[in-house]
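Undergrad: Pasting a structure below so you can have a look.
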Amino acid sequence: MTSEEEGEAGTQENNENILNHSLNEEMKTSYINYAMSVIIGRALPDARDGLKPVHRRVLYGMHEGGHTSEKKYSKSARSVGEVMGKYHPHGDQSIYDTMVRMAQDFSLRYPLVDGQGNFGSIDGDPPAAMRYTESRLDKISKHMLEDIEKKIVDFQANFDDSEMEPTVLPARLPNLLLNGSDGIAVGMATRIPPHNLTEVAGAIRLHVNTILKESKDSSRIPNIPIEEYMQHVKGPDFPTGATIHGIDGIVDMYSTGKGRFHVRSKCDVLDDTSGKRIIIHEIPYQVKKSDMLVHIAELVSKEVVTGIRDIRDESSKEGIRVVIEVKSNSDPHAVLNQLFRSSRLQESYSANMMGILDGKPVLLSLPVMLHTYVRHREEIIERRAVFDLEKAESRAHILEGLVKAQERIEDVLKAGRGSSGREQFESILQGSEKLPKIAKFNFTKSQAKAIAERRLYQLSRLDVDKVTDEFEDLKIKIADLQDIIKSRPRRLEILILELDDMVEKHGDERLSEIDPMPLSMDREDLVAEEAIVISLTTDNYIRHLPVEAFRLQNRGGKGLKGVATKDEDAPSKIVTCFSKDRLLIFTDKGRVYGLRAWETPSASRYGKGSHIRNLLGGIRDDEKVISILPMERSLIENPEGHFLMFATANGRIKKSKLSEYARINRNGKFALKFADGDSDNLVSVRPATDS
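Position one of the sequence shown corresponds to residue 6 (the working numbering), numbered consecutively onward.
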């Protein structure tokens, strides 16, 4: 074959190994594989134990390394190295970051790692390096890993097939709800808020009792209204406390897996001899305190928030305490409302409860979460019973052999002395060999091994009564384990007993308060309540000034021009009221307009203000304001027994209930109508009462 022919043959052979494939299809397939790898392998928690793979590996690695709650602390670097070397080869920093977060009581409602040293702070301070800090599993983590050595969960090979790791933890602790989860995957994200153990346990009891009552099979979720669940689970319970506003958002979250509500800091407003102060005790979940204070300072410097004189952070190990000093001429409640509106003292929490269920990402409602937990624990209890049953039956079988050996103890001893070694002794006991003058034995292999492993003098001195008692106890235990395996009500009963035991040890009071009403902050909430003077000029320019702008002059003083205008535009109306009063503005044409006092423009004593047409949309050029009546908000809201008296130029009088004007807006309406061509007009309006 020539070299040219060889080249053609080689080219043909290479072409046979080339597969033609659409780039679009390859990109789709590869991207889906990548997305699912991130979703299942990194970002979303398993609905059964509430853990992502890295969290599970840290807990299991620390458990296998002996770094448990009853042992002394060990260097964090040691645990990180064991986890990285055996289960999670993705870098030590990601493992340590995971361990640190599981130790922070401001990140997890029930921390799973007990840390000693600097593990960061709510200010966002970084933790010390892993070579300095020490750690071990927290006491509550025992309930995540309990009985795992009994192989009650499935195991899989690690990254290099040198170790086996669990695919899920036994998780007696309903961790997904208790500690929640946050993660961003490809095309989806999860955000599950933490909850209170005592409350979640109450909802699980309701769920299980309904299953028993309705005799539901394990796959069907009982039909329980969300409102019944919420008699136990009031809502999320954040480790940083604060107040949750909006029950509707919580109901949506529990019903559909998605919901939105607000979380507001807990604050006290003080006004005493030390001055006006706002004391912040608790802040929203996942808000860094130092960043929040820096942001507040920026808002003050930009005059987005006014009335603040100083900010001090007096926080300590005992808790958060931030003192905001308010200026003497400012309303601390109005300042606090400004902070709620503009700073991170108030946060919106959007829940999106995504988790991995049956190998797929699923939006989880509260009933689905609870049912997943119950099914998982039921399976764990059954598999544990199977393991214990096998062990008990094996032990009972050995004890039965020992009792049988005592019935022929002389023959057993002769066989032992006549054997050349343990292997022959076992063979004789199984009946495979026979010694002269000794009847054939029929022990099983395991029984023969147990007998042969004992020294002959131990066999001769065996306490038969003790062995018999143990055998009888095992028979009772075996019957009980068989009942657990067969009976679903028994398994659910054990589930509740174990849950109650856990609540007794670790249950606590709720940290976050629930306010069922949603937040609806009006602009008026940002206005300080203060005494003001409102003036209207003959050219219909209106404004307001604080009463303090008009200070009392002593005898011989020069005096102040209280309402300064241009010479030809004199004040026509001046009224004194409070900034949150309602104004009823009447014109000579019989129309009335509504305005809130603080909506009038604030101006200096020499300022002009704003033309009233800019405030009252319905007022006409030929209308003249004849009266401005300030009304307290409480009077507008409860006008019973209060009236308005109207008088016209031609002497007509009308009496109307004040309630008729409670909803007047800027567009106005007729309070008194005049017929076409009637030259009469309104000249006076005065408030009146029944008396």
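The C-beta atom is built at its ideal place from N, Cα and C for all residues, glycine as well.
(1) Which same chain residues, not among the five before or five after methionine 258, have their C-beta less than 6 Å away from its C-beta?
(2) Can you give me the start and stop residues for the alpha helix (DSSP H) that histidine 511 sits inside?
(3) Helix, strand or coil for proline 289 per DSSP?
(4) Does the Cβ of asparagine 545 have 16 or more other Cβ atoms within 10 Å, making it buried, or fewer, making it exposed?
(5) Ignoring anything shorter than 4 residues, give me the alpha helix (DSSP H) runs that lie fully in the segment 128-166, in order along the chain.
(6) Rounded to whole angstroms, how far is the Cβ of glycine 4 from the Cβ of glycine 623, which I believe are closer than 8 Å?
(7) With respect to the beta strand (DSSP E) encompassing arginine 596, which residues constitute its N-terminal and C-terminal limits?
(8) What residue does the alpha helix (DSSP H) around phenylalanine 345 start on, and which one ends it?
(9) Could you work out which residue in Leu504, Ala457 and Ala554 is closest to valine 213 when comparing CA atoms only?
(10) Does DSSP put phenylalanine 648 in a helix, in a strand, or in coil?
(11) Per DSSP, which residues does glycine 706 bridge with? Please list them.
(12) Go through its chain and collect everything with a Cβ distance to lysine 678's Cβ below 8 Å, but skip five positions before and after it.
(13) Between serine 186 and the rest of its own chain, which residues show a CB-CB distance below 7 Å, the 5 nearest in sequence each way excluded?
(14) Go to leucine 589, then tell me how far its beta strand (DSSP E) extends in each direction, as first and last residue.
(15) Please report the straight-line C-alpha distance between alanine 575 and leucine 588, rounded to a whole angstrom.
(16) Cβ of alanine 554 within 8 Å of Cβ of cysteine 582?
(17) Can you tell me where the beta strand (DSSP E) with serine 186 in it begins and where it stops?
(18) Is histidine 250 closer than 8 Å to cysteine 272 when the C-beta atoms are compared?
(19) Could you tell me the alpha carbon to alpha carbon distance between glutamine 121 and glycine 129, rounded to whole angstroms?
(20) Look at the alpha carbon of glutamate 665 and the alpha carbon of proline 644, and state the distance between them as a whole number of angstroms.
(21) So the candidates are Ile313, Glu69 and Pro179; which of them puts its Cα closest to the Cα of alanine 533?
(22) Do isoleucine 489 and tyrosine 378 have their beta-carbon atoms positioned less than 8 Å apart in this structure?
(23) Mind checking which residues open and close the beta strand (DSSP E) that includes valine 367?
(24) Taking all protein chains shown into account, decide if glutamine 452 is buried (16 or more other Cβ within 10 angstroms of its Cβ) or exposed.
(25) Assuming proline 171 and aspartate 143 form a contact by the criterion Cβ under 8 Å, report the distance between their Cβ atoms to the nearest whole angstrom.
(26) How far does the alpha helix (DSSP H) with aspartate 102 in it extend, from its first residue to its last?
(27) Please look up how many angstroms separate the CB atoms of leucine 620 and proline 692, rounded, as I've assumed it's under 8 Å.
(28) Once you ignore the five residues that flank serine 615 on each side, which residues in its own chain have a CB closer than 6 Å to its CB?
(29) Can you list, in chain order, the residues of its chain with a C-beta nearer than 8 Å to that of isoleucine 658? Leave out the 5 residues immediately preceding and following it.
(30) Using the beta-carbon count (16 or more within 10 Å), is glutamate 87 buried or exposed?
(31) Alpha carbon to alpha carbon, how far is tyrosine 354 from serine 112?
(32) Within 10 Å of its beta-carbon, does alanine 52 have 16 or more other beta-carbons around it, so buried, or fewer, so exposed?
(33) Could you tell me how far apart the beta carbons of histidine 381 and alanine 176 are, in whole angstroms, since I believe they sit closer than 8 Å?
TA: Inspection of the coordinates gives the following:
(1) As a working note, residue 258 is residue 253 in the sequence shown. Only Gly264 and Ala356 meet the Cβ criterion.
(2) Taking the sequence shown and counting its residues from 1, one reaches residue 511 at position 506. Here the alpha helix (DSSP H) through histidine 511 covers 493-511.
(3) Along the sequence shown, read from residue 1 onward, the residue named residue 289 stands at position 284. In this structure, proline 289 counts as coil in the three-state DSSP scheme.
(4) Translated into positions along the sequence shown, residue 545 becomes position 540. Result: buried.
(5) 147-150
(6) Residue 4 lies beyond the stretch modelled for the chain, which goes from 6 to 696, so this question has no answer here.
(7) Mapped onto the sequence shown, residue 596 falls at position 591. Unbroken beta strand (DSSP E) run through arginine 596: 596-601.
(8) As a first step, residue 345 must be located in the sequence shown, where it is residue number 340. 337-347 is the span of the alpha helix (DSSP H), which, as asked, contains phenylalanine 345.
(9) Counting from 1 along the sequence shown, the entry for residue 213 is found at position 208. Comparing Cα positions, the closest option is Leu504.
(10) What you label residue 648 is simply residue 643 of the sequence shown in a count that begins at 1. In the three-state reduction of the DSSP assignment, phenylalanine 648 falls in the strand class, which pools E and B.
(11) Given a span of 6 to 696 for the chain in the structure shown, any question on residue 706 remains unanswerable.
(12) Along the sequence shown, read from residue 1 onward, the residue named residue 678 stands at position 673. Contacts found: Gly595.
(13) Residue mapping note: residue 186 aligns to position 181 of the sequence shown, counting from 1. The residues are Pro50, Gly55, Thr195 and Ile197.
(14) Residue 589 sits at position 584 when you count from the first residue of the sequence shown. That run of the beta strand (DSSP E) goes 587-592.
(15) As a first step, residue 575 is located in the sequence shown; it is residue number 570 there, counting from the start. As a first step, residue 588 is located in the sequence shown; it is residue number 583 there, counting from the start. Roughly 21 Å between the two C-alpha positions.
(16) Translated into the one-based positions of the sequence shown, residue 554 becomes position 549. Translated into the one-based positions of the sequence shown, residue 582 becomes position 577. No, the Cβ-Cβ distance between alanine 554 and cysteine 582 is not below 8 Å.
(17) As a first step, residue 186 is located in the sequence shown; it is residue number 181 there, counting from the start. Where serine 186 is concerned, the enclosing beta strand (DSSP E) stretches over 186-189.
(18) On the sequence shown, residue 272 is found 267 positions in, with the first residue counted as 1. On the sequence shown, residue 250 is found 245 positions in, with the first residue counted as 1. Not closer than 8 Å, so no.
(19) If you number the sequence shown from 1, residue 121 lands on position 116. If you number the sequence shown from 1, residue 129 lands on position 124. One C-alpha to the other measures close to 18 Å.
(20) Here residue 665 refers to the residue found at position 660 of the sequence shown. Here residue 644 refers to the residue found at position 639 of the sequence shown. Each residue's Cα considered, the two are about 9 Å apart.
(21) Indexing the sequence shown from 1 puts residue 533 at position 528. Considering only alpha carbons, the answer is Ile313.
(22) In the sequence shown, counting from the first residue as 1, residue 378 sits at position 373. In the sequence shown, counting from the first residue as 1, residue 489 sits at position 484. Not in contact: tyrosine 378 and isoleucine 489 (Cβ atoms no closer than 8 Å).
(23) Reading the sequence shown from its first residue, position 362 is the one you call residue 367. Run containing valine 367: 365-368, per the beta strand (DSSP E) assignment.
(24) Counted from its first residue, the sequence shown places residue 452 at position 447. Per the 10 Å Cβ criterion, buried.
(25) On the sequence shown, residue 171 is found 166 positions in, with the first residue counted as 1. On the sequence shown, residue 143 is found 138 positions in, with the first residue counted as 1. Not confirmed; about 19 Å, so no contact.
(26) Within the sequence shown, residue 102 is the residue found at index 97, counting from 1. It spans 97-108 - the alpha helix (DSSP H) in which aspartate 102 sits, taken as one unbroken run.
(27) Translated into positions along the sequence shown, residue 620 becomes position 615. Translated into positions along the sequence shown, residue 692 becomes position 687. With a Cβ gap of about 22 Å, leucine 620 and proline 692 do not count as contacting.
(28) On the sequence shown, residue 615 is found 610 positions in, with the first residue counted as 1. Cβ within range, chain order: Pro606.
(29) Counting from one through the sequence shown, the residue named residue 658 turns up at place 653. Close CB contacts of isoleucine 658 within its chain, under the 8 Å cut and outside five residues either way in sequence, are with Met650, Phe651 and Ala652 (chain order).
(30) The residue you call residue 87 lines up with position 82 of the sequence shown. By the neighbour-count rule (16 or more Cβ atoms within 10 Å), glutamate 87 is buried.
(31) Here the question's residue 354 lines up with position 349 in the sequence shown. Here the question's residue 112 lines up with position 107 in the sequence shown. Answer to the nearest angstrom: the Cα atoms are 15 Å apart.
(32) Here residue 52 is taken as the residue at index 47 of the sequence shown, counted from 1. With 16 or more Cβ atoms within 10 Å of its Cβ, alanine 52 is classed as buried.
(33) Looking up residue 381 in the sequence shown gives position 376. Looking up residue 176 in the sequence shown gives position 171. At roughly 7 Å, the Cβ-Cβ gap stays under 8 Å, so histidine 381 and alanine 176 are in contact.
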